[in-house]
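Undergrad:
2 protein chains.
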Amino acid sequence: MATKPSLPKGTRDFSPLEVERREYIKSVVTKNFKKYGFQAIETPSFENNSTLLGKYGEEGDRLIFKLLNSGNFLKKTNPEDYKNQDIQKLGLQITEKSLRYDLTVPFARYVVMHQNELDFPFKRYQIQPVWRADRPQKGRYREFYQCDADAVGSKSLFQEIDFIHLYDDVFTNLKIKGVKIQVNNRKILSGIAEIIGATHQLIDFTVALDKLDKIGRKGVEEEMLAKGITQEAINQLSPIFEASGNFEEQLGVLSDLLSASEIGKQGIEELQFIAQAIEKMPLKSASLVLNITLARGLDYYTGCIFEVAPPEEVKLGSIGGGGRYDDLTSIFGLKDVSGVGISFGLDRIYLVLEQLNLFPESLATGSKALFINFGEKEAMYCLQAVHHLRAKGVAVELYPDAAKMKKQMNYANKRNFPFVVLAGESELQANKFTLKNMRSGEQNLFTFEELFAYLNM
Amino acid sequence: MATKPSLPKGTRDFSPLEVERREYIKSVVTKNFKKYGFQAIETPSFENNSTLLGKYGEEGDRLIFKLLNSGNFLKKTNPEDYKNQDIQKLGLQITEKSLRYDLTVPFARYVVMHQNELDFPFKRYQIQPVWRADRPQKGRYREFYQCDADAVGSKSLFQEIDFIHLYDDVFTNLKIKGVKIQVNNRKILSGIAEIIGATHQLIDFTVALDKLDKIGRKGVEEEMLAKGITQEAINQLSPIFEASGNFEEQLGVLSDLLSASEIGKQGIEELQFIAQAIEKMPLKSASLVLNITLARGLDYYTGCIFEVAPPEEVKLGSIGGGGRYDDLTSIFGLKDVSGVGISFGLDRIYLVLEQLNLFPESLATGSKALFINFGEKEAMYCLQAVHHLRAKGVAVELYPDAAKMKKQMNYANKRNFPFVVLAGESELQANKFTLKNMRSGEQNLFTFEELFAYLNM
Chain A
1039 MATKPSLPKG
1049 TRDFSPLEVE
1059 RREYIKSVVT
1069 KNFKKYGFQA
1079 IETPSFENNS
1089 TLLGKYGEEG
1099 DRLIFKLLNS
1109 GNFLKKTNPE
1119 DYKNQDIQKL
1129 GLQITEKSLR
1139 YDLTVPFARY
1149 VVMHQNELDF
1159 PFKRYQIQPV
1169 WRADRPQKGR
1179 YREFYQCDAD
1189 AVGSKSLFQE
1199 IDFIHLYDDV
1209 FTNLKIKGVK
1219 IQVNNRKILS
1229 GIAEIIGATH
1239 QLIDFTVALD
1249 KLDKIGRKGV
1259 EEEMLAKGIT
1269 QEAINQLSPI
1279 FEASGNFEEQ
1289 LGVLSDLLSA
1299 SEIGKQGIEE
1309 LQFIAQAIEK
1319 MPLKSASLVL
1329 NITLARGLDY
1339 YTGCIFEVAP
1349 PEEVKLGSIG
1359 GGGRYDDLTS
1369 IFGLKDVSGV
1379 GISFGLDRIY
1389 LVLEQLNLFP
1399 ESLATGSKAL
1409 FINFGEKEAM
1419 YCLQAVHHLR
1429 AKGVAVELYP
1439 DAAKMKKQMN
1449 YANKRNFPFV
1459 VLAGESELQA
1469 NKFTLKNMRS
1479 GEQNLFTFEE
1489 LFAYLNM
Chain B
1039 MATKPSLPKG
1049 TRDFSPLEVE
1059 RREYIKSVVT
1069 KNFKKYGFQA
1079 IETPSFENNS
1089 TLLGKYGEEG
1099 DRLIFKLLNS
1109 GNFLKKTNPE
1119 DYKNQDIQKL
1129 GLQITEKSLR
1139 YDLTVPFARY
1149 VVMHQNELDF
1159 PFKRYQIQPV
1169 WRADRPQKGR
1179 YREFYQCDAD
1189 AVGSKSLFQE
1199 IDFIHLYDDV
1209 FTNLKIKGVK
1219 IQVNNRKILS
1229 GIAEIIGATH
1239 QLIDFTVALD
1249 KLDKIGRKGV
1259 EEEMLAKGIT
1269 QEAINQLSPI
1279 FEASGNFEEQ
1289 LGVLSDLLSA
1299 SEIGKQGIEE
1309 LQFIAQAIEK
1319 MPLKSASLVL
1329 NITLARGLDY
1339 YTGCIFEVAP
1349 PEEVKLGSIG
1359 GGGRYDDLTS
1369 IFGLKDVSGV
1379 GISFGLDRIY
1389 LVLEQLNLFP
1399 ESLATGSKAL
1409 FINFGEKEAM
1419 YCLQAVHHLR
1429 AKGVAVELYP
1439 DAAKMKKQMN
1449 YANKRNFPFV
1459 VLAGESELQA
1469 NKFTLKNMRS
1479 GEQNLFTFEE
1489 LFAYLNM
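Quick note, the sequences are listed as chains A and B, same order. Here the first sequence stands for residues 1039 to 1495, numbered as in this note's numbering. Here the second sequence stands for residues 1039 to 1495, numbered as in this note's numbering.
#1: Could you please give me the residues that DSSP links to residue 1186 (chain A) through a beta bridge?
#2: Using three-state DSSP, classify residue 1491 (chain B) as helix, strand or coil.
#3: Could you run through the region 1176-1196 of chain A and flag, in chain order, every residue whose CB is less than 7 Å away from some CB of chain B?
#4: Less than 9 Å between the C-beta atoms of residue 1183 (chain B) and residue 1051 (chain B), yes or no?
#5: Name the chain A residues that come within less than 7 Å of residue 1123 (chain B), Cβ to Cβ?
#6: Within 10 Å of its beta-carbon, does residue 1414 (chain B) have 16 or more other beta-carbons around it, so buried, or fewer, so exposed?
#7: Under a CB-based cut-off of 9 Å, is residue 1338 (chain A) close to chain E?
#8: Can you grab the Cα-Cα spacing for the pair residue 1073 (chain B) / residue 1100 (chain A), in whole Å?
#9: For residue 1471 (chain B) versus residue 1417 (chain B), is the C-beta spacing smaller than 9 Å?
#10: Cβ closer than 7 Å: which chain A residues qualify as neighbours of residue 1405 (chain B)?
#11: Please state whether DSSP places residue 1046 (chain A) in a helix, a strand or coil.
#12: Please report the straight-line C-alpha distance between residue 1039 (chain A) and residue 1211 (chain B), rounded to a whole angstrom.
#13: Kindly list, in the order they appear in chain A, the residues whose Cβ is closer than 7 Å to that of residue 1086 (chain B).
#14: Quick one: which unbroken alpha helix (DSSP H) runs of 4-plus residues sit fully inside the region 1273-1314 of chain A? Chain order, please.
#15: Relative to chain A, which residues along the region 1278-1300 of chain B have a C-beta separation below 7 Å, given in chain order?
#16: Using DSSP bridges, identify the partner residues of residue 1442 (chain A).
#17: How would you label residue 1159 (chain A), buried or exposed, when you count the other beta carbons within 10 angstroms and need 16 or more for buried?
#18: Taking the C-alpha atoms as reference points, what is the distance between residue 1466 (chain A) and residue 1325 (chain B)?
#19: Work out the CA separation of residue 1188 (chain A) and residue 1145 (chain A) for me, nearest whole Å.
#20: Measuring CB to CB, does residue 1379 (chain B) end up less than 9 Å from residue 1201 (chain B)?
#21: Identify whether residue 1474 (chain B) lies in helix, strand or coil by the three-state DSSP scheme.
#22: In chain order, what are the residue ranges of uninterrupted alpha helix (DSSP H) at least 4 long that sit wholly in the region 1418-1466 of chain A?
#23: Does any residue of chain A bring its CB to less than 9 Å from the CB of residue 1425 (chain B)?
#24: So if I threshold CB-CB distances at 9 Å, which residues from the region 1339-1364 of chain B count as touching chain A?
#25: Distance check for residue 1462 (chain B) and residue 1491 (chain B), CA to CA, integer angstroms please.
#26: By a C-beta neighbour count over all protein chains shown, 10 Å radius and 16 as the cutoff for buried, is residue 1362 (chain A) buried or exposed?
#27: For residue 1481 (chain A), which of helix, strand or coil comes out of DSSP?
#28: Quick check: what's the CA-CA separation for residue 1345 (chain B) versus residue 1313 (chain B)?
#29: Taking one C-beta from the region 1404-1414 of chain B and one from the region 1439-1453 of chain B each time, how about it: are there three or more such pairs within less than 8 Å?
#30: So, are the CB atoms of residue 1151 (chain A) and residue 1370 (chain A) less than 9 Å apart?
#31: So is residue 1306 (chain B) in contact with chain A if we call contact Cβ pairs under 9 Å?
#32: Please list, in chain order, the chain A residues whose beta carbon lies closer than 9 Å to that of residue 1108 (chain B).
#33: Just to confirm before moving on: does the CB-CB distance between residue 1105 (chain B) and residue 1080 (chain B) stay below 9 Å?
#34: Check each residue of the region 1251-1264 of chain A: if its Cβ is closer than 8 Å to any Cβ of chain B, include it; give the result in chain order.
#35: Helix, strand or coil for residue 1208 (chain A), going by three-state DSSP, please let me know.
Have a look at this one:
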């Protein structure tokens, strides 16, 4: 009656090597978060529906995993709604909680609920899984980790500068060269919309522009037209699509275009301030690039926005992104808390490191040596050595059964032990151990002290 | 229209200090897991209903959180079942997946699904949250972490010995003194049931005995009577309830009682083997105690069982437990894979460390110094120092806004910065920094190099 087990679609098991590699990425990111003064918080996997629903748009609401109420979940249902197959209404009658969809809304909830305990500016990071009932496809999962750092309670651009350096430090530590930190400013986009007379269509304008990567300039223009932005307005965008040159030169193009827009000029000034600071404190391995067509999908950004592109030889979307928002916590009743945050795309960073062969080799290694088991007496002799080696911090193991030598050596090979220790009758009598190097085949007869010295190298 | 946010019952936010402390416990446990050759795996937060349901008894099934199917969840429902308010049937029609209830069943599923990639004995650890729709109460949450290590694919008692040393190492590293590792063997319980003629009531017998802590000897005897175990049989249990003395002496009592039971004698032999090994390789800070009334609630144990009691001065239930099972993976069709595993109760270990004041002080500290912000020019001067200090690995921060001095100093105090750096007009001219020790109040005028040397101590 055993069921043949399988995994739900869009979910994954992680093998020991995969866990080690993921932990490696997390440890590099975490170390840098701490260096910049960010502190970890954690929030529950599920939140009340009232916290989550309505925060991600209609599409988002549909992708949220809802938890069936426990006990008699039918108690509060309305038979009329069942008859009408009204899944909207019934859904809310039989569920009260949902799995979190991102870390941003729970963070806003956290800040509001704990506002009296927190010291602002509050700088937190959070690395936890999120769940989305998306159609699974290559590289898109229903459970995946997000990794966010946010600083709330200050409008200072020094925060943006910190985040750029933080990105640079992380990718430098991970040895990924050629990362591009693209930056833009929502105020510039607002300014452009103002200049071309599309202020009331700012969101349509932004959403269309955000698709430039995917659908090209022509596609963007068509979408804008379809949304009612005039051809005349679109024509004015030419300098933006055609802008080239370095950071300063592109800012020059914008200055000309936006000279009549207060908000646009403010956006330019902010980027100038940031660019000058980075010039004084240059990045180690990444480069800072102005991308005046960068828009970012999310509604809540109001200032600087970031998007990090992997090295060109890796064909992958962005490996990080973020920006400044002025009003995130107001959804929970706390106004005027400006913040800025970034995230790291852990799954994609994993793919980059894998493709460029940048995971440290040391991650693959487990224990240092396997002690072969020749029988109860010999095994007990070995276990004492194992015990003492572990006490000195050396990871070693005893094969638990007196299986055939070949089986044990096979096991040692497969599990990649660099050394095997053999102690049969003659070693016991001499109170010694034979150490075999699994790569070179070399064998040495050692006392315990020699064994320790050797394995501890 | 802002909703006042709250948390679902039985769930928790973790503050930065709590996260640090939890990470500290995890890091000690993980370090030791690795030293003993265990490797990490991770499994998805939710599994198919077919994987989880029916594995934890009726009560368990009720406590499993089920995920409402996305899309039109009513599609597959039977109107008859709705009319009859049949929550059992409807529950299965509108859900396909559930949040994991423990790490053991997902581990068994993992072993069966990956059996061809794994090298047996396979030793894995897993530290992940689990969810139970239990009634929340003090110390009992609906989301909590489990922390398990298991070794499957060998019947060798050397594994049990390893686990005892592993427990001892972890609690020694955590500086918790006076931990008691209680051990017993299900074969002994089977032997007792056999001797008193209650073999066919073994589970009732075990379940009743397991409650000794809570309901006392009288309560256990009453429950056994109620379950149909005869008074005569219960009378024969006296030596067990009254057994005292050390490990060897208690084994002596059992030897007398179980001389006619093959399985009972086997259980005694196993414990003897383990006790002798521990005598040769003594524990560092914990003690190994035979508790012949220890039963453990779970059905699947077949050999040695463990339960770890915290130091006596801490009034808390067990902080760990585990045991040998012979047939865990057969629920998924893989027979004859004996295993043994233990778990650590992270939440309770946290309470023990808190109560005994054993968390390292260093955990409370975040960044080393806060640079006070006197205005844009000074701040930019400071940020360059901050940038260089971070490059050398020193965690420091700049207050992002040129707020009033008092506000900034307050912030430094509340966030517990050990040092504050002040750089106004005169420091800028001298290219120096004033470092203030926040505890002693002492101030020094330093060059950057001196500042670094001081903060890097």
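In this text, a Cβ means the ideal position worked out from N, Cα and C, and glycines have one as well.
TA: Concretely, from the data shown:
#1: As a working note, residue 1186 (chain A) is residue 148 in the first sequence. The partner list for residue 1186 (chain A) (beta bridge, DSSP) reads A:1164 and A:1381.
#2: For the purposes of this step, residue 1491 (chain B) is taken as the residue at position 453 of the second sequence. Correct three-state label for residue 1491 (chain B): helix.
#3: 1181, 1192, 1194 and 1196
#4: Counted from its first residue, the second sequence places residue 1183 (chain B) at position 145. Counted from its first residue, the second sequence places residue 1051 (chain B) at position 13. In this structure, residue 1051 (chain B) does not lie closer than 9 Å to residue 1183 (chain B) by Cβ.
#5: The residue given as residue 1123 (chain B) occupies position 85 in the second sequence. In chain order: 1112.
#6: Sequence index remark: in the second sequence, residue 1414 (chain B) carries index 376 (1-based). So residue 1414 (chain B) ends up on the exposed side.
#7: Protein chains A and B are contained in the structure displayed, whereas chain E is not.
#8: For this step, residue 1073 (chain B) is matched to residue 35 along the second sequence. For this step, residue 1100 (chain A) is matched to residue 62 along the first sequence. CA-to-CA, the gap between residue 1073 (chain B) and residue 1100 (chain A) works out to about 45 Å.
#9: By one-based count along the second sequence, residue 1471 (chain B) stands at place 433. By one-based count along the second sequence, residue 1417 (chain B) stands at place 379. Not in contact: residue 1471 (chain B) and residue 1417 (chain B) (Cβ atoms no closer than 9 Å).
#10: For the purposes of this step, residue 1405 (chain B) is identified with residue 367 of the second sequence, where counting begins at 1. Residues of chain A passing the Cβ test: 1075.
#11: Position 8 of the first sequence, counting from 1, holds the residue named residue 1046 (chain A). Residue 1046 (chain A) falls in the coil class under three-state DSSP.
#12: Here residue 1039 (chain A) is taken as the residue at index 1 of the first sequence, counted from 1. Here residue 1211 (chain B) is taken as the residue at index 173 of the second sequence, counted from 1. For residue 1039 (chain A), the pLDDT reaches just 49, beneath the cut-off of 50, and the residue's location in the model is therefore unreliable, although a value from the coordinates is still provided. Roughly 45 Å separates the two Cα atoms.
#13: For the purposes of this step, residue 1086 (chain B) is identified with residue 48 of the second sequence, where counting begins at 1. The contacting residues are 1044 and 1046.
#14: 1276-1280 and 1285-1295
#15: none
#16: On the first sequence, residue 1442 (chain A) is found 404 positions in, with the first residue counted as 1. BP columns for residue 1442 (chain A) are empty, so no partner.
#17: Counted from its first residue, the first sequence places residue 1159 (chain A) at position 121. When all chains shown are included, residue 1159 (chain A) counts as buried.
#18: Indexing the first sequence from 1 puts residue 1466 (chain A) at position 428. Indexing the second sequence from 1 puts residue 1325 (chain B) at position 287. Cα to Cα, residue 1466 (chain A) sits roughly 29 Å from residue 1325 (chain B).
#19: The residue labelled residue 1145 (chain A) in the question sits at position 107 within the first sequence. The residue labelled residue 1188 (chain A) in the question sits at position 150 within the first sequence. Roughly 9 Å between the two C-alpha positions.
#20: For the purposes of this step, residue 1379 (chain B) is taken as the residue at position 341 of the second sequence. For the purposes of this step, residue 1201 (chain B) is taken as the residue at position 163 of the second sequence. Taking 9 Å as the Cβ cut-off, residue 1379 (chain B) and residue 1201 (chain B) qualify as a contacting pair.
#21: Your numbering for residue 1474 (chain B) matches position 436 in the second sequence. Note: residue 1474 (chain B) maps to strand in three-state DSSP.
#22: For the alpha helix (DSSP H) assignment, the uninterrupted runs of no fewer than 4 residues enclosed by the region 1418-1466 of chain A are, from N- to C-terminal side, 1443-1452.
#23: The residue given as residue 1425 (chain B) occupies position 387 in the second sequence. Chain A, which has a Cβ nearer than 9 Å to the Cβ of residue 1425 (chain B), makes this yes.
#24: none
#25: Locating residue 1491 (chain B) in the second sequence gives position 453, counting from the first residue. Locating residue 1462 (chain B) in the second sequence gives position 424, counting from the first residue. In a straight line, the C-alpha of residue 1491 (chain B) is about 21 Å away from that of residue 1462 (chain B).
#26: By one-based count along the first sequence, residue 1362 (chain A) stands at place 324. Classification for residue 1362 (chain A): buried.
#27: Numbered from its first residue, the first sequence carries residue 1481 (chain A) at position 443. Residue 1481 (chain A): strand per DSSP, three-state reduction.
#28: Residue mapping note: residue 1345 (chain B) aligns to position 307 of the second sequence, counting from 1. Residue mapping note: residue 1313 (chain B) aligns to position 275 of the second sequence, counting from 1. The straight-line gap from Cα to Cα measures roughly 16 Å.
#29: Inter-segment contact for the region 1404-1414 of chain B and the region 1439-1453 of chain B is present: three or more beta-carbon pairs are separated by less than 8 Å.
#30: Along the first sequence, one-based indexing puts residue 1151 (chain A) at 113. Along the first sequence, one-based indexing puts residue 1370 (chain A) at 332. The beta carbons of residue 1151 (chain A) and residue 1370 (chain A) sit closer together than 9 Å.
#31: Residue 1306 (chain B) sits at position 268 when you count from the first residue of the second sequence. Residue 1306 (chain B) does not count as touching chain A.
#32: Counted from its first residue, the second sequence places residue 1108 (chain B) at position 70. Going along chain A in sequence order, the residues near residue 1108 (chain B) (Cβ under 9 Å) are 1100, 1101, 1102, 1103, 1104 and 1171.
#33: As a position in the second sequence, residue 1105 (chain B) is number 67, starting the count at 1. As a position in the second sequence, residue 1080 (chain B) is number 42, starting the count at 1. No, the Cβ-Cβ distance between residue 1105 (chain B) and residue 1080 (chain B) is not below 9 Å.
#34: Cβ contacts with chain B come from no residue of the region 1251-1264 of chain A.
#35: For the purposes of this step, residue 1208 (chain A) is taken as residue 170 along the first sequence, with counting starting at 1. DSSP places residue 1208 (chain A) in helix when its eight states are reduced to three.
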